[in-house]
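S.K.: Pasting a structure here, questions to come.
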Amino acid sequence: MLLLAQASLQIFHCFLQRRGKRVDDREQEELQFLGFFGIFKESFKIISSWRKIFTQITLSIIIPLSFIFLAHIQISELLFSRIMHNEYALDHTREGMTRYEKLSDILASEWTAFILFKAAYFTFFLILSLLSTSAVVYTIACIYTAKDITFRKSYERGSQGLEETYGHFFVEFRHRFRL
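Here the numbering used here = 1-based position in the sequence shown + 2.
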């Protein structure tokens with residue numbers, strides 16, 4: 003976890019330097035070698051001093067993401083319990099009977115619905131996760147560079163970063179898996 007946080011700080015500083023902004027060298031040195039509790043302290047300081055924008059990001063992106071996750075658990079459990087019930091009924095039915103054919107068709111459609119639901123959920127969850135991460139990273143970058151920041155700018159820049167990331171991802175994906 004600590005290595006991940008330090009790697010995130012390194013990426014953040016590279017981001018700032020690519021944008022042509024320089025973080026004070028002393029401040030960069032201090033941030034680079036923060037310990038586990040130092041990272042929490044710095045995070046708490048930033049969030050509490052910029053409470054309004056982080057509250058807006060939380061209410062508009064992170065809380066809906068949490069509700070989607072919780073709904074996914076309940077819906078998956080419901081779909082899968084139906085599948086398991088029909089699997090049990092299918093196991094106790096003789097092949098060749100009309101009931102066996104009906105249960106097979108129902109199971110095929112239920113598995114299709116379950117897989118499509120999972121695919122839609124993972125796609126939506128990935129997009130919202132990346133959007134929330136990019137919005138927070140852009141907000142923090144603006145705070146450290148003393149750039150004027152609003153929720154609208156943070157959200158728009160986050161979605162632009164998401165588009166760029168997906169663009170690079172799909173180009174890389176096509177190049178790697180060419181037939």
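For every residue, glycine included, the Cβ atom is placed at its ideal position computed from N, Cα and C.
Here the structure is a predicted model, which means the values were calculated and not measured.
Within a Cβ cutoff of 7 Å, which residues of the same chain sit near residue 91, ignoring the five residues on either side of it in sequence?
M.R.: The answer, listed in chain order, is 105.
S.K.: What are the start and end residues of each continuous alpha helix (DSSP H) run of 4 or more residues lying completely inside the stretch 28 to 90, in chain order?
M.R.: Correct list: 38 to 51 and 53 to 59.
S.K.: From this set, 61, 48, 102 and 39, which residue's C-alpha is nearest residue 130's C-alpha?
M.R.: Looking at the Cα atoms, 61 is the closest of the given residues.
S.K.: Determine whether the beta carbon atoms of residue 133 and residue 111 lie at a separation below 8 Å.
M.R.: No, the Cβ-Cβ distance between residue 133 and residue 111 is not below 8 Å.
S.K.: Please report how far the alpha carbon of residue 128 lies from the alpha carbon of residue 94, in whole angstroms.
M.R.: Answer to the nearest angstrom: the Cα atoms are 40 Å apart.
S.K.: Within 10 angstroms of its Cβ, does residue 143 collect 16 or more other Cβ (buried), or is it exposed?
M.R.: Buried, by the Cβ-count rule.
S.K.: Taking the straight line between their C-alpha atoms, what separation do you get for residue 41 and residue 149?
M.R.: Taking the straight line joining both Cα atoms gives about 22 Å.
S.K.: Between 37, 89, 57 and 118, which lies nearest to residue 153 when the distance is taken from Cα to Cα?
M.R.: Comparing Cα positions, the closest option is 57.
S.K.: Once DSSP output is grouped into helix, strand and coil, what is the label at residue 93?
M.R.: Here residue 93 sits in helix by DSSP.
S.K.: Considering only the alpha carbon of each residue, which of 178, 158 and 97 lies closest to residue 137?
M.R.: That would be 158, whose Cα lies nearest to the Cα of residue 137.
S.K.: Could you check how far apart the C-beta atoms of residue 145 and residue 48 are, in whole angstroms? I think they sit under 8 Å.
M.R.: About 6 Å; that satisfies the 8 Å criterion.
S.K.: Taking the continuous alpha helix (DSSP H) assigned at residue 108, which residues delimit it?
M.R.: 100 to 146 is the extent of the alpha helix (DSSP H) around residue 108.
S.K.: Out of curiosity, what's the CA-to-CA distance linking residue 79 and residue 63?
M.R.: Those two C-alpha atoms are separated by around 25 Å.
S.K.: Relative to the C-alpha of residue 139, which candidate in 121, 36, 125 and 55 has its C-alpha closest?
M.R.: Minimum Cα distance to residue 139 is reached at 55.
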